[in-house]
Amino acid sequence: MNNKLRIDKKNIRIFGSLLLIVLTLFISFFTYRYIENKNKNSNIVGLDINNLPEYKGKPYVVINNNEPNFDKSELVSKSFEKYSELDSLKRCGVADSIIGQDLMPTSKRENISSVKPTGWKSVKYNGIEGGSLYNRCHLIGFQLAGENANKRNLITGTRYLNTKGMLPFENMIADYVKETNNHVRYRVTPIFVGNELVARGVQIEAISIEDNGKAIKFNVYCFNVQPNIEIDYKTGDSRRR
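Numbered according to full-length UniProt numbering, the sequence shown spans residues 1 to 241.
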């Protein structure tokens, strides 16, 4: 009787684990479909730095029907992170990675206020969540790679970019990786125009590796804007419209 009870409990645990994985894949699929459908009228072909898409009330637009620009040789199930050196203006470049559980943080985020990304201004406006116009935006989010005050991974980004543009995609990847122990190819490219110190936006590309993109696959451009605030991207100065 006791042996049967132990077997039943073991089967229940196995079933519960399988159910959790299935639910995670189900949620990831429909989150992806929601993003795709929400932006089906906002797709652009390629991203031309000389002709960037115009912000029209949505935090991002889809690029190339959500097809990321990765070579097959780049899609391996081995975690890594790589950050570009700062350019002559001290601006960040491409942040590249394969996200896996072994890359994720095991401790709480540390203080990153020592980093002053290009164009950084400490300014507040009424009506913005938290008050501050700008955040120190991780290119590869802390929850994905555990990077703290890494100046090659932090840009001056609006609160809107941080929470409405980038965070939903970061959460999607983090949830998927945690629940499946699979890997996601992930790249974030800040888009600077000329010698401007504040990025106009970021391009985010991702694809889940083990399932060949069935759970995660997107290519989006997130706008570094704040509704009702005008930003001078050359300097980081701003004013209410």
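We put the beta carbon where it would ideally sit given N, CA and C, even for glycine.
Computed from a predicted structure; not experimentally measured.
In whole angstroms, what is the alpha-carbon distance linking residue i and residue j?
i	j	result
Leu161	Gln226	8 angstroms
Val184	Asp237	36 angstroms
Ser79	Ile191	25 angstroms
Tyr55	Lys164	13 angstroms
Ile44	Val62	6 angstroms
Ala206	Cys137	18 angstroms
Val76	Gly141	21 angstroms
Pro53	Tyr60	10 angstroms
Arg240	Asn212	45 angstroms
Lys58	Phe218	16 angstroms
Tyr125	Tyr134	10 angstroms
Leu47	Ser122	30 angstroms
Asn50	Arg200	12 angstroms
Tyr233	Gly119	8 angstroms
Glu210	Asn182	6 angstroms
Leu197	Gly157	11 angstroms
Ile204	Phe169	9 angstroms
Ile155	Thr235	13 angstroms
Asn68	Asp96	In the sequence as displayed, the identity of residue 68 is Pro instead of Asn. Approximately 13 angstroms between the Cα atoms of the pair.
Asn66	Lys116	32 angstroms
Asn195	Asn153	19 angstroms
Ile112	Ser42	35 angstroms
Ala215	Ser208	6 angstroms
Asn171	Gln143	8 angstroms
Lys151	Asn64	30 angstroms
Cys92	Gly131	25 angstroms
Tyr186	Ile173	9 angstroms
DSSP on residue i, reduced to helix/strand/coil?
i	result
Asn135	strand
Asp102	helix
Ser107	coil
Glu129	coil
Glu54	coil
Asp121	In the sequence as displayed, the identity of residue 121 is Lys instead of Asp. Reduced to three states, the DSSP call for Lys121 is coil.
Ser238	strand
Glu74	helix
Suppose the cutoff is 8 angstroms on Cβ atoms and the five residues either side in sequence are ignored; what does the same chain contact list for residue i look like?
i	result
Ser88	none
Leu167	Gly141
residue 242	There is simply no residue 242 to check, as the chain begins at 1 and stops at 241 in what is shown.
Glu129	Arg159, Thr163
Which residues in the same chain have their Cβ closer than 6 angstroms to the Cβ of residue i, if we skip the five residues on either side of it in sequence?
i	result
Ala145	Glu81, Leu103
Glu110	Asn148
Val94	Ser84, Thr189
Val193	Arg200
Lys108	none
Val202	Val188, Pro190, Cys222
Going along the chain, which residues of its own chain have a beta-carbon closer than 7 angstroms to the beta-carbon of residue i, five neighbours each way excluded?
i	result
Ser114	Ala149
Tyr34	Confidence in Tyr34 is poor, its pLDDT being 45 and thus under 50, which makes the residue's placement too unreliable to answer from.
Which runs of the alpha helix (DSSP H) fall wholly inside the stretch 148-236 and span at least 4 residues, in chain order? If only complete runs of 4 or more residues are kept, the stretch 148-236 shows the alpha helix (DSSP H) at 167-180, in order along the chain.
Report yes or no: do the stretch 83-102 and the stretch 162-182 share at least 3 C-beta pairs separated by less than 8 angstroms? Contact between the stretch 83-102 and the stretch 162-182 is present: 3 or more CB-CB pairs across the two stretches fall below 8 angstroms.
Is there contact between the stretch 228-235 and the stretch 72-83, where contact requires at least three CB pairs shorter than 8 angstroms? Fewer than three Cβ pairs drawn from the stretch 228-235 and the stretch 72-83 lie within less than 8 angstroms of each other, which leaves the two stretches out of contact.
For the pair the stretch 80-94 and the stretch 214-222, tell me if three or more CB-CB distances fall below 8 angstroms. The stretch 80-94, when compared against the stretch 214-222, does not touch it at the 8 angstroms Cβ threshold.
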